[in-house]
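Below is one structure, written out as structure tokens, with a few remarks after it.
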Amino acid sequence: MTSKISTGEHMIAARPSTARTGPSILDRSAKIQVVIGIAILVVATVVPSALGLSYWIGVINLATIYIVASVFMGLLLVDAGQVSFGHGAVFGAAAYAVGVACGMHGFSFPVGILFGVAAALVIGILFALPALRVQWFYLGFVTLSAAMVFPQMLFAFDSLTNGLNGISIPFTALNTPTAIGLSILSILSLVLGSLAILTSAIFPKTKLGRRMRVAAASPEAAQSLGISPGRMRFTAFMIASFGTGLAGVLYPPTVGFVSPNAFHLDISILFFFAVIVGGKGQPLGTIAGITLLYMLPNVFLAQLVEYRPLVYGLVAFLVMLLMPSGIIGGIVRWLTLRQKPQAMPALQFSQIVDATQSAKHPVGDIAIEIEGLRKVFGNVVAINNVSMNVRRGEIHGLVGANGSGKTSLLNVLNGFTNSDAGSVKVNGKEITSLKARDVAHLGVGRTFQTPRILEQLGAWDNVQIGLDAKLSPNPTRVSPAFVDSLRDTLGRLRTESIPHGQRRLLEVIRVILTDADILLLDEPAAGLSPEERVAFAGLLRDLRDKLGLTIVFVEHDLDLVARVADRVTVLESGAVIASGDVASVWENPRVKPLFVTVRHA
Amino acid sequence: MWQEYAIILIRGIGLGSVYALIAMSFNIVKVSSGILNFAQGNMFVLGGMLAYAAVALFGQPSFIVWLLLIPVAAIIIAVVLLIQGYLTLLPLSYSDDQQSWLITTMAVSIIIGAVLLLVQGPNALMVRSIFPNVPLFGMRVPAPFLLAIGLAVFWYVVLQWFLSKTLTGLAISALWQDPVAGRAAGLKVRRLQLLAFGLSGLIIGSTGFVAAPIITIASDSAVAYVLNGFVALVIGGVASNTGALIAGPLVGVAAMLATFKIGGEFQGLVSMLILVGILLIRPEGIFGSTAARRV
Amino acid sequence: MLEVSGLCAGYGRLPVLRDVSFSAAEGEILLIAGENGAGKTTLLQTIGGLIKPTAGSIRFEGRDVTGATPEDLVPRGLRLVLDGHRVFPELSVFDNIRLGAVASKTGKVAFDTAVDQIFEVFPILKQKANDKARSLSGGQQQMLTLSQAFVSQPKVLLCDEPSLGLAMALMPPIMNFLRSWAKSGTAVVIVEQHVQLALAVAARGLLMQRGSVVFDGTADEFAAETGIIAAPH
Amino acid sequence: MARSYNRANIFNWSRRALLGAVAIGALGISGPLLAQSNEPIKLGLLISHTGGDAISGLNGKAGVTLAVDEINKAGGILGRQVEIVAADDQSDPTAAVNEARRLSSQEKVDLVFGPQSSQRTLAVLPVFTDAKIPQISTSGSLEITPQKGPYNFSVQANADAQGYHMAHYVTDVLKAKTAAILTDNGAQALSGVPYIKKYLEEGGATVTGVQEFPFRSEDKTAQLLSLKSGNPDSLVIWANTPEDLGVLMNNLADIGWDDVPLSGPNATVMQAASAAKIADPNQFDKVAGVAYVGWTYCPGDDMTKNPFVEFKERLKAANPSNYDSLLPTISGYAYDGIMVMKAAMEATGGTDPEEIKTWIENNADKVATVSGPMKASAESHFLAGREVLTPILNPLDVNEQGLFKRADCK
């Protein structure tokens with residue numbers, strides 16, 4: 002069920018990659034959304050000011066602030082996979098800090114802003130700490146109860162917060178129209194709102210955004226790329242709190258008053274609803290969400306008074322029932338489903354490695370040295386006293402039936418699992434006690450049996466996270482031409498439409514791009530056609546000969562192994578039953594019956 | 397002096413038993429579909445309203461009548477939950493986004509609250525217990541506190557029996573451990589999940605009915621109960637009814653002791669700290685085997 | 638007993654099975670071999686009702702069951718055992734076995750005799766009957782999943798990689814169990830990597846590559862074709 | 114001294130009421146002549162239809178609606194009908210401000226009733242002050258000053274006045290030397306605590322403990338036990354909901370502390386009856402509360418044409434279905450607020466805020482009210498000052514007309 006929890010997170014983190022891929026229609030959807038979104042904000046801000054409708058000016062400012070807060074809680078939810086039902090407390094803390102600073106101690110608004118953002122960050126840290134330990138709705142409930150306690154604490158420490166009576170601050174200067182007709186406040190919230198919409202579209206395309214989503218979608222993939230999921234979560238909370246804080250500091254001038262009762266649970270729930278009902282990860286999502294869930298019941302239907310909460314609940318309920326991916330999400334999905342998915346053209350391996358390139362490698366002729374390694378899971382001995390070594394610059398095949406311990410061995414080699422006994426030296430450094438991400442920093446890259454091509458990321462992003470994890474400043478070993486053509490190809494694709502075979506290769510390319518000089522490949526050729534295999538074999542040789550990489554690869558296709566491997570190690574029930582050059586191993590009677598291939602086919 | 401602690405203990409356990417029952421009603425749905433029903437608090441309140449309705453209809457009912465009314469109330473709430481469950485599971489069957497229940501259950505909770513406010517108004521309904529107070533340690537304890545303890549034990553026993561002895565119960569408790577394997581084994585997944593919703597309705601409905609005299613039956617009192625129920629759930633360990641049975645009273649007593657020693661204004665803070673504390677020290681809860689933590 | 642013709646299926650938009658046809662007769666063990674990604678598992682899951690086929694037909698006991706869900710298939714006697722010895726970890730061993738009878742409505746008597754047979758073949762399960770399934774070793778869990786299927790007394794058993802993640806030493810008893818099971822008239826379709834183990838019990842062999850059947854013949858033909866000698870038993 | 118002022122007041126008050134009634138009657142006739150326009154007068158009803166304070170909303174609405182209906186039946190104000198524009202502050206200051214802006218700038222209301230809690234009144238004060246809209250709120254915080262809200266008048270007894278009486282009952286009537294304080298965690302109660310403390314100490318009583326319980330919590334035993342351990346001679350309670358009061362009484366009996374004398378606020382008087390649905394009525398003879406004198410009587414008073422009794426009858430007639438769920442006391446002073454406003458408008462011949470403000474400051478006491486003699490000044494816009502309040506003993510001890518017996522009757 003732990004896995005259920007994590008799938009839960011995958012889902013919650015699922016950002017329709019449709020809106021995320023390179024220069025394509027789908028990306029245009031993101032651009033279009035941003036334009037529409039900002040246009041809406043501008044119109045909504047300018048018109049009331051032009052007509053001098055003070056009520057609407059206030060309402061729009063507030064809605065914009067809520068949109069900003071929702072955007073950043075969405076960033077937390079969608080990009081970092083962190084569930085917070087208590088975001089209103091972050092918002093409220095910022096608002097209150099401004100209230101206290103400016104209203105009670107007479108600081109200027111700019112100073113108040115500093116206090117406000119600081120307060121928001123403090124709450125953010127308080128939320129981030131449990132997040133390092135618990136996840137999914139457990140975290141949700143922790144933050145939820147925090148949000149419930151927040152107003153109580155404002156009461157309890159009334160000497161600091163002026164408790165029940167709240168703090169009244171006119172901020173008339175901010176609210177008086179400037180030469181261009183908009184008040185400074187309106188300008189501030191418009192700018193902030195537009196920036197927020199922009200952020201929600203751009204952040205996922207930044208290096209940080211990508212890494213965050215990798216960490217949320219697949220912690221193990223993240224670690225194999227040298228990313229610390231914990232650090233990512235913390236950063237996410239900080240960014241979210243900062244943005245929400247900025248929204249919060251605009252609350253006092255907008256409403257002119259702060260009071261504990263203004264920041265109870267409902268506002269947290271509103272932000273959460275706005276993100277999901279509007280459409281997770283859609284730039285227009287929060288605008289749609291706040292319009293439906295805040296503006297509709299509280300402004301457009303204000304006359305309904307006591308029926309208002311009913312409207313609120315029904316809207317949220319029906320939308321989720323009819324459009325589980327939210328209003329905008331549903332629309333985008335509907336639009337993209339109507340386009341034919343483009344098939345992915347086969348990759349030209351021969352072009353991957355640019356002959357002119359050559360990298361320098363660590364010295365020493367042993368890349369990996371394994372001594373008496375042992376790993377037990379429950380009562381299954383996964384690795385049974387394995388000793389072997391991998392020479393630098395060689396292609397080393399790991400073969401054996403499913404469950405014979407090949408993958409377990411890889412997991413120890415890249416630091417996922419700590420061995421129970423024995424030692425593993427990579428480039429002469431003992432790694433048995435290291436974390437996966439530290440091993441990655443040593444120049445060990447790996448791919449997975451089920452390729453970690455994450456649908457939470459765009460097709461190209463899945464490769465680019467390799468570049469993000471680049472270990473050295475020197476130019477990429479992969480031919481720039483190939484990278485460009487790949488970017489171009491993938492830019493037009495949706496991640497879902499990449500065939501499994503190709504996914505493995507993309508993962509391999511991703512690892513090469515990280516500059517790792519030791520590659521651990523788990524069944525990289527599974528699902529490739531014979532022709533592709535020949536080409537793939539060529540690629541492995543290129544990697545060895547032209548780039549001098551060391552490659553350990555698990556493979557079932559012995560022909561392929563025979564074609565490229567310098568040496569082979571055969572595992573059986575976690576133990577080495579044969580090791581050495583291919584020819585000798587092949588004739589080993591214990592090895593022969595393990596595999597089946599069509600000789601005459 | 398010791399009497400005071402004794403009384404606090406008993407009342408804490410009584411109130412905690414209510415939390416335990418809420419937690420159990422969470423559990424059965426959780427193990428079958430992974431859903432945590434945020435509207436459970438409202439269902440609880442609805443159960444209490446049925447008790448009020450009973451008094452309105454029968455005056456102060458006799459013990460026998462009251463006893464007979466419990467299953468009636470339980471079944472009514474079960475039906476309500478069946479409907480909710482059906483609607484909640486609906487999008488999950490076709491959508492690839494499995495989180496919609498998070499919103500739908502919260503939304504249902506909001507809707508029920510709103511409807512209650514419209515039909516019944518803001519005033520809380522008050523139900524007088526048909527049982528005399530029970531004298532204890534020179535003080536007295538209202539019977540519902542003790543009845544709640546009894547009900548918790550009753551449902552605990554029933555659930556343990558149902559989930560372990562009957563094939564259906566077994567299937568329900570297994571479902572979310574591996575839904576695919578469940579399907580492969582030919583289990584009628586959706587139907588079992590609905591059944592679980594119904595069952596949790598029986599639990600929460602009877603609880604609301606029995607505890608009516610000591611709980612707050614109002615349109616806006618549901619959230620507090622959901623939260624307390626969840627705290628009991630997590631501390632006991634998700635999916636463990638034994639955990640719930642023990643953690644509920646634990647929370648109840650802790651909250652009252654905190655009030656007694658520190659002061660009522662910190663009650664909320666204390667129960668939150670307990671929640672966070674447990675999650676940090678032992679994410680899987682006291683009796684839980686499923687970790688809240690994700691590596 | 639089971640006839641598959643022109644079957645195509647896949648995940649989302651990705652076709653995996655391309656026009657697969659074969660049939661399995663009463664009491665025979667049919668081996669499906671092929672490397673990872675060849676579509677073996679997809680094939681079993683499509684027949685088992687977990688994946689909706691995009692084309693082709695599946696006939697079971699002469700009746701068309703194309704697109705039927707496990708809910709319908711299991712009671713009729715077509716049962717899939719997933720790979721990776723997937724048990725319900727928090728349930729006791731015995732409860733896991735009992736769960737097998739839920740869908741098939743196996744009667745008390747039939748169930749008890751079935752359990753006796755199981756405990757005879759796998760005494761370890763009897764010993765650990767009351768332990769939680771997660772405390773079992775991989776091999777024991779595989780025995781458990783098979784036992785769970787056994788009590789539902791299927792006419793067709795689809796068994797995906799019984800050896801997955803198991804030490805070889807554990808396989809013979811499992812294979813023998815499958816053979817004796819087949820003898821009782823059940824058609825058993827095994828997907829297996831350890832071909833030589835499976836060939837020892839299989840009557841026929843099927844070889845898949847990239848979603849299609851590239852070879853279909855008797856065990857001996859298969860051995861000849863692939864150069865695999867069945868393990869002695 | 115607690116004895117002296119009240120009787121005098123009642124006397125003046127009932128006489129004034131009579132005069133006022135006549136005066137207004139006269140105005141009512143001459144009203145149409147003075148009217149400048151026949152546009153309806155827009156009354157913004159900014160109360161909590163939803164949220165935690167919906168109960169006040171329910172009762173305030175009933176009182177205002179009754180007042181408006183009567184006014185309209187009688188030909189309106191200055192010949193103009195009064196039209197209610199409903200707005201829901203959702204018991205939330207943010208929503209209160211938004212709705213206040215809607216009422217003032219969109220709906221262009223002439224006057225406003227509400228909000229019914231200080232947090233929200235303080236929040237909307239700037240809005241209505243800028244818009245110069247006369248406002249009747251029911252808020253008890255002393256932070257609401259004529260400076261902050263020149264056009265705002267409150268018909269609710271403020272924290273100071275209630276605290277004064279609650280404390281003085283303990284020190285003067287009970288002659289208690291020690292007292293403990295137990296309140297709910299609502300804003301109103303918490304804002305009362307400092308005043309209760311202040312006046313207790315002035316009266317020479319020491320506070321042995323202060324505890325609070327969450328709104329509508331199931332059990333107050335822990336709080337009571339901890340207060341009991343300080344063994345005070347009296348207990349000052351502030352519970353705003355009947356269920357809290359009822360549970361409190363039960364818990365007192367449960368722990369065998371039902372012999373302690375209690376002193377409560379207005380709420381205690383209002384809520385006792387429904388609290389007794391779950392609590393033992395006999396316990397209430399130790400319970401004192403603070404009442405508007407309009408709700409009270411002393412044996413021997415002239416009971417004919419008692420304004421509050423008649424008001425209750427009219428309220429019942431207006432709300433046949435849900436009268437039982439109403440608190441006529443709250444509806445009463447809401448009604449009074451509207452009537453004060455009406456008188457002011459008629460006297461000043463329009464809706465000019467400045468004139469209305471000064472008129473009310475000087476003449477509020479001339480208006481016939483049902484809760485008691487309202488009075489304001491340039492210094493205080495709390496129409497229900499100390500003088501309108503009086504302690505009563507046993508809120509269940511009501512005469513056949515449902516009036517409470519004052520604690521200080523001869």
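Protein sequences, first through last, are from chains A, B, C and D.
According to the working numbering, the first sequence holds residues 2 to 602 in order.
According to the working numbering, the second sequence holds residues 397 to 691 in order.
According to the working numbering, the third sequence holds residues 638 to 870 in order.
According to the working numbering, the fourth sequence holds residues 114 to 523 in order.
Glycine included, each C-beta is placed from N, C-alpha and C at the ideal position.
The structure displayed is predicted, hence computed values, not measured ones.
- Each residue's CA atom was taken as its position, placing C:Arg816 and C:Phe787 some 12 Å apart.
- Each residue's CA atom was taken as its position, placing C:Asp768 and C:Gly737 some 17 Å apart.
- In the assembly as shown, B:Trp557 is an exposed residue. Its beta-carbon has fewer than 16 other beta-carbons within 10 Å.
- Non-local beta-carbon contacts of A:Ile578 in its own chain, meaning distances under 6 Å to residues more than five positions away in sequence, involve Val571 and Arg591 in chain order.
- Less than 8 Å divides the Cβ of D:His494 from the Cβ of D:Phe266.
- In this structure, C:Glu708 lies away from B:Gly430, with their beta-carbon atoms at least 8 Å apart.
- A residue is called buried when at least 16 other Cβ atoms come within 10 angstroms of its Cβ; A:Phe301 does not meet this threshold and is exposed.
- Those residues of the region 293-313 of chain D placed with their C-beta closer than 8 Å to a C-beta in chain A are Asn298, Ala300, Leu303 and Ser304, ordered along the chain.
- Taking a C-beta cut-off of 7 Å against chain A, the contacting residues of the region 767-778 of chain C are Ser774 and Gly775, listed in chain order.
- Under the criterion of beta carbons closer than 8 Å, A:Gly373 and A:Gly423 qualify as touching, at roughly 4 Å.
- In this structure A:Asn475 is exposed. Its beta-carbon is surrounded by fewer than 16 other beta-carbon atoms within 10 angstroms.
- In this structure, DSSP gives D:Glu356 a helical state, which the three-state scheme calls helix.
- In this structure, A:Thr255 lies away from A:Leu42, with their beta-carbon atoms at least 8 Å apart.
- Look at B:Met535 here: in three-state DSSP terms it is strand.
- The beta carbon of C:Ala670 sits closer than 6 Å to those of Val832 and Leu844, all from its chain and outside the five residues before and after it, given in chain order.
- With respect to the C-alpha of B:Pro609, the residue from B:Gly443, B:Ile479 and B:Ala580 having the closest C-alpha is B:Gly443.
- Restricted to the region 309-395 of chain D, the beta strand (DSSP E) segments that are unbroken, complete and at least 3 residues in length are 319-326 and 347-351, listed in chain order.
- In this structure, D:Ala318 places its C-beta atom within 8 Å of the C-beta atom of D:Thr291.
- One Cα belongs to C:Ala751, the other to C:Arg696, and the distance between them is close to 27 Å.
- With respect to chain B, the C-beta atom of D:Ser438 has a partner C-beta closer than 8 Å.
- Residues of the region 329-352 of chain D that bring their beta carbon within less than 7 Å of a beta carbon in chain B comprise Arg329, Glu331, Asp332, Thr334, Ala335, Gln336, Leu338 and Ser339, in sequence order.
- Counting the other Cβ atoms within 10 Å of the Cβ of D:Lys425 gives 16 or more, which makes it buried.
- Listed as beta-bridge partners of A:Phe258 by DSSP are A:Ser169.
- DSSP places D:Ala187 outside both helix and strand once states are collapsed to three, so it counts as coil.
- Distances from the alpha-carbon of B:Arg678 to those of A:Phe449, A:Ala441 and A:Val135 put A:Val135 closest.
- Two segments are said to touch when three or more pairs of C-beta atoms, one from each, lie closer than 8 Å; by this definition the region 369-384 of chain D touches the region 269-281 of chain D.
- Contacts with chain D (Cβ-Cβ distance below 8 Å) from the region 656-674 of chain B involve Phe656, Lys657, Gly659, Gly660, Glu661, Gln663 and Gly664, listed in chain order.
- Between D:Lys518 and D:Tyr405, the C-beta gap is not smaller than 8 Å, which leaves the two residues out of contact.
- In the DSSP assignment, C:Phe756 falls within the unbroken alpha helix (DSSP H) covering Lys745 to Val758.
- If you check each beta-carbon in the region 824-836 of chain C against every beta-carbon of chain A, the ones closer than 8 Å belong to Gln830, His831, Val832 and Gln833.
- By the beta-carbon neighbour count (other beta carbons within 10 angstroms, threshold 16), D:Met416 is exposed.
- Interface annotation, A:Ala303: not in contact with chain B, CB-CB separation never under 8 Å.
- For D:Asn363, the residues of chain B that pass the 8 Å Cβ criterion are Pro538, in the order they occur in the chain.
- Non-local C-beta neighbours of C:His722 in its own chain, meaning closer than 6 Å and more than five positions away in sequence, comprise Gly775, Gln778, Gln779 and Thr782, ordered along the chain.
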